[in-house]
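Student: Got a structure for you, written out below as structure tokens; questions coming shortly.
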Amino acid sequence: MKFLRYFRRFSSSKTHFVPIFSRQAGYIKQASSALVAMMKTVDRAEWRRLEKEIKMCEVQGDAMLTEFYGELYENIITPIGRDHLQTIAMYIDDFLDNINGSAKSVLLYLPEKIAPQLLELAQYIESEADALKEIISMFGDIKANFSALSLQCERISELEHAADDSYEEFIGDIFQNEKNPIELMKYKNIAENLETTSDAAKKVSDHVRTILLSYAE
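Under this note's numbering, residue 222 is the last one in the sequence shown; the count climbs by one each step, no gaps.
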């Protein structure tokens, strides 16, 4: 397979897992940007097109994860423990899965409108994806990039907290002001999916922090 050949090109490098994670992060960035685009329209045809794009990213991410696991215990030589690499790969995949789930929820519930707070939540997710790309780009030399990695982890934490605040504000608003109970539940469920997606990004950064702690000892 093309990806497997790409993977083996880096088999002599102690950090050849970085290009794999970088491609995963690239799919997350593409999917998160498409999710933001979904929140900027109520055109159902456009929703379907964008959801297909996100699903494509998720499928490609899954295929890459399968290849990664197949090679993990055979070829990767790295100063980072295999258990840490496996956990990072799993959390990155979960983040992408949750972006896909958020997109699916829009098509499932077909809300009459997209509130500004839902767009805001999607934008926080996209910003988390940007920070994740930065983290992965520096993962090849953790010691040299320790401070910069810590800063990006903190950035994701701040974005996740901001997303929580936006979610709570939105839930309070719709329960006070939305008169249509069916639409209220649609908005609530979509917002919950977005908030869960934001939380998934923080799991990645939290585990990166765990790795950083071993370098601080």
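All residues carry an ideal CB built from backbone N, CA and C; glycine is no exception.
Along the chain, where does the alpha helix (DSSP H) containing residue 43 start, and where does it finish?
Tutor: Your numbering for residue 43 matches position 38 in the sequence shown. Per DSSP, residue 43 belongs to the alpha helix (DSSP H) from 22–43.
Student: Report the option in 214, 219, 218 whose CA atom is closest to the CA atom of residue 93.
Tutor: Along the sequence shown, one-based indexing puts residue 93 at 88. Residue 93 has its Cα closest to that of 214, out of 214, 219, 218.
Student: Should the stretch 149–165 be called in touch with the stretch 178–196, which here means at least 3 C-beta pairs below 8 Å?
Tutor: They do not touch, by the three-pair rule.
Student: Can you tell me whether residue 203 is buried or exposed? The criterion is at least 16 other CB atoms within 10 Å of its CB, across all chains shown.
Tutor: One-based indexing of the sequence shown puts residue 203 at position 198. The residue is buried, with at least 16 neighbouring Cβ atoms inside 10 Å.
Student: Going by alpha carbons, who is nearest to residue 173 out of 123, 143, 30?
Tutor: Position 168 of the sequence shown, counted from the start, is the residue given in the question as residue 173. Looking at the Cα atoms, 123 is the closest of the given residues.
Student: Would the stretch 155–171 count as touching the stretch 61–74 if we require 3 or more Cβ pairs under 8 Å?
Tutor: Result no; under three Cβ-Cβ pairs closer than 8 Å.
Student: Quick one: grab the DSSP three-state call for residue 60.
Tutor: Along the sequence shown, one-based indexing puts residue 60 at 55. Of the three classes helix, strand and coil, the one that applies to residue 60 here is helix, per DSSP.
Student: Give me, in chain order, the residues of the same chain whose beta-carbon lies closer than 8 Å to that of residue 96; leave out the 5 immediate sequence neighbours on both sides.
Tutor: As a working mapping, residue 96 is identified with position 91 in the sequence shown. Contacts found: 205, 208, 209, 212.
Student: Is residue 115 helix, strand or coil by DSSP?
Tutor: For the purposes of this step, residue 115 is taken as the residue at position 110 of the sequence shown. Correct three-state label for residue 115: coil.
Student: Can you grab the Cα-Cα spacing for the pair residue 56 / residue 199, in whole Å?
Tutor: As a working mapping, residue 56 is identified with position 51 in the sequence shown. As a working mapping, residue 199 is identified with position 194 in the sequence shown. Rounded to the nearest angstrom, the two C-alpha atoms are 14 Å apart.
Student: If you follow the alpha helix (DSSP H) that residue 182 is part of, which residue opens it and which one closes it?
Tutor: On the sequence shown, residue 182 is found 177 positions in, with the first residue counted as 1. Segment 151–182, the alpha helix (DSSP H) holding residue 182.
Student: When the Cβ atoms of the stretch 186–193 are set against those of the stretch 132–141, are three or more pairs found closer than 8 Å?
Tutor: In short, these stretches do not touch, since the Cβ pair count stays below three.
Student: Per DSSP, what kind of secondary structure is residue 130 in: helix, strand or coil?
Tutor: Counted from its first residue, the sequence shown places residue 130 at position 125. It is helical.
Student: Pull up the distance between the alpha-carbon of residue 160 and that of residue 133, whole angstroms please.
Tutor: One-based indexing of the sequence shown puts residue 160 at position 155. One-based indexing of the sequence shown puts residue 133 at position 128. Straight-line Cα distance between these residues: approximately 8 Å.
Student: Which value, in whole angstroms, describes the spacing of the CA atoms of residue 32 and residue 187?
Tutor: Numbered from its first residue, the sequence shown carries residue 32 at position 27. Numbered from its first residue, the sequence shown carries residue 187 at position 182. Their Cα atoms are separated by approximately 33 Å.
Student: Buried or exposed: residue 40, going by 16 or more other Cβ atoms within 10 Å of its Cβ?
Tutor: The residue given as residue 40 occupies position 35 in the sequence shown. When all chains shown are included, residue 40 counts as buried.
Student: With a cut-off of 8 Å on the beta carbons, I'd call residue 43 and residue 108 a contact; round off their distance for me.
Tutor: Residue numbering aside, residue 43 sits at position 38 when the sequence shown is read from its first letter. Residue numbering aside, residue 108 sits at position 103 when the sequence shown is read from its first letter. Indeed they touch by this definition, with Cβ atoms about 6 Å apart.
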